[in-house]
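To keep things clear, I will list the structure first and then write my remarks on it.
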Amino acid sequence: MKIQPQTKEELTKLGELIEDFRIAMLTFIDGKGALVSQPMGPIEMDADGNIWFFTDSTSEKVQHLDELNLAFSGEPDGTYVSLSGYGELVTDQARKEELWSPFVKPWFPDGPDSANLALLKFIPDTAEYWDAPHSSVVRLFAMAASIVAARPIGMGDHERLNHL
Numbered sequence: 003m004k005i006q007p008q009t010k011e012e013l014t015k016l017g018e019l020i021e022d023f024r025i026a027m028l029t030f031i032d033g034k035g036a037l038v039s040q041p042m043g044p045i046e047m048d049a050d051g052n053i054w055f056f057t058d059s060t061s062e063k064v065q066h067l068d069e070l071n072l073a074f075s076g077e078p079d080g081t082y083v084s085l086s087g088y089g090e091l092v093t094d095q096a097r098k099e100e101l102w103s104p105f106v107k108p109w110f111p112d113g114p115d116s117a118n119l120a121l122l123k124f125i126p127d128t129a130e131y132w133d134a135p136h137s138s139v140v141r142l143f144a145m146a147a148s149i150v151a152a153r154p155i156g157m158g159d160h161e162r163l164n165h166l
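For the sequence shown, position 58 matches number 60 in the working numbering, and the numbering has no gaps at all.
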């Protein structure tokens, strides 16, 4: 994912945390009140901290953009990020062309001109992250030490970013 330079320290930190993720789980509340999650490929974090995705303008999620959660899970390196926010459907042709990638072509074979191609702009309100030591061996030892001590030891950082 491309990360634009950020103007806020908390957004810079968020960009550093999610930059290497290729897939996120987007969760929305459907028309029956159930939580529904689906994988999405983030394209860009713009200069305002918004995260952009390609989507089908006829998909169910675009009817339920008022409350969203975006989760990034990085088991190999121990980084986990959860974002709360909302979304906007964007159909601007110039923006679609600017963000277009051949990786999206299997879903939208006519490229940026595909009939149902739209952009989902995720606008974060808050973020929470857990960033553990990057070595799985270090995390294993930290877990063992935590069990013996009956309290978390060396389990990494856990922070909330509230001013996005």
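Heads up, the beta-carbon is just placed ideally off N, CA and C, and yes, glycines get one too.
Runs of beta strand (DSSP E) wholly within the stretch 34 to 71 (minimum 3 residues, chain order):
37 to 42 and 53 to 58, all fully within the stretch 34 to 71.
Taking DSSP as the reference, what is the three-state secondary structure of E11?
Counting from one through the sequence shown, the residue named residue 11 turns up at place 9. Here E11 sits in helix by DSSP.
Are the stretch 117 to 135 and the stretch 50 to 65 in contact at 8 Å, needing three or more beta carbon pairs?
yes
What does L19 pair with, by DSSP beta-bridge criteria?
Here residue 19 is taken as the residue at index 17 of the sequence shown, counted from 1. DSSP, once it has assigned bridges, lists no residue as partnering L19.
To the nearest angstrom, report how far apart F105 and A129 are at their CA atoms.
Sequence index remark: in the sequence shown, residue 105 carries index 103 (1-based). Sequence index remark: in the sequence shown, residue 129 carries index 127 (1-based). Each residue's Cα considered, the two are about 28 Å apart.
What residue range does the alpha helix (DSSP H) around L101 cover?
The residue given as residue 101 occupies position 99 in the sequence shown. Q95 to L101 is the extent of the alpha helix (DSSP H) around L101.
Please report how far the alpha carbon of L163 lies from the alpha carbon of K107, in whole angstroms.
The sequence position of residue 163 within the sequence shown is 161, counting from 1. The sequence position of residue 107 within the sequence shown is 105, counting from 1. The straight-line gap from Cα to Cα measures roughly 35 Å.
Helix, strand or coil for F30 per DSSP?
The residue you call residue 30 lines up with position 28 of the sequence shown. Strand at F30.
Apart from the five residues just before and just after M42, which ones in its own chain have a Cβ nearer than 6 Å to its Cβ?
Numbered from its first residue, the sequence shown carries residue 42 at position 40. Same-chain partners within the cutoff: A26, L28 and F55.
One question on the structure: do L166 and P126 come within less than 8 Å of each other, judged by their Cβ atoms?
Along the sequence shown, read from residue 1 onward, the residue named residue 166 stands at position 164. Along the sequence shown, read from residue 1 onward, the residue named residue 126 stands at position 124. Closer than 8 Å, so yes.
Residue burial classification, G87 (beta-carbon count within 10 angstroms, cutoff 16)
Indexing the sequence shown from 1 puts residue 87 at position 85. It is buried - the Cβ of G87 has at least 16 other Cβ atoms within 10 Å.
Cβ shell of F74 (< 6 Å), same chain only, five flanking positions each side left out:
On the sequence shown, position 72 is the one that residue 74 refers to. I20, F23, A26 and V83, listed in sequence order.
Below 8 Å between beta carbons: does that hold for G51 and L91?
For the purposes of this step, residue 51 is taken as the residue at position 49 of the sequence shown. For the purposes of this step, residue 91 is taken as the residue at position 89 of the sequence shown. No.
In whole angstroms, give me the CA-to-CA distance for K4 and L13.
Counted from its first residue, the sequence shown places residue 4 at position 2. Counted from its first residue, the sequence shown places residue 13 at position 11. Computed Cα separation, rounded: 14 Å.
Compute the distance between the beta-carbons of Q6 and A49, then report whether it is under 8 Å.
Mapped onto the sequence shown, residue 6 falls at position 4. Mapped onto the sequence shown, residue 49 falls at position 47. For Q6 and A49, yes; Cβs fall inside 8 Å.
Residue nearest to K98 in terms of C-alpha spacing, selected from D115, G89 and D133
Taking the first residue of the sequence shown as 1, we reach residue 98 at position 96. That would be D115, whose Cα lies nearest to the Cα of K98.
For I31, I'd like the list of residues in its chain whose CB is within less than 7 Å of its CB, leaving aside the five on either flank, ordered along the chain.
Your numbering for residue 31 matches position 29 in the sequence shown. So the list reads L37, H66 and E69, once near-sequence residues are dropped.
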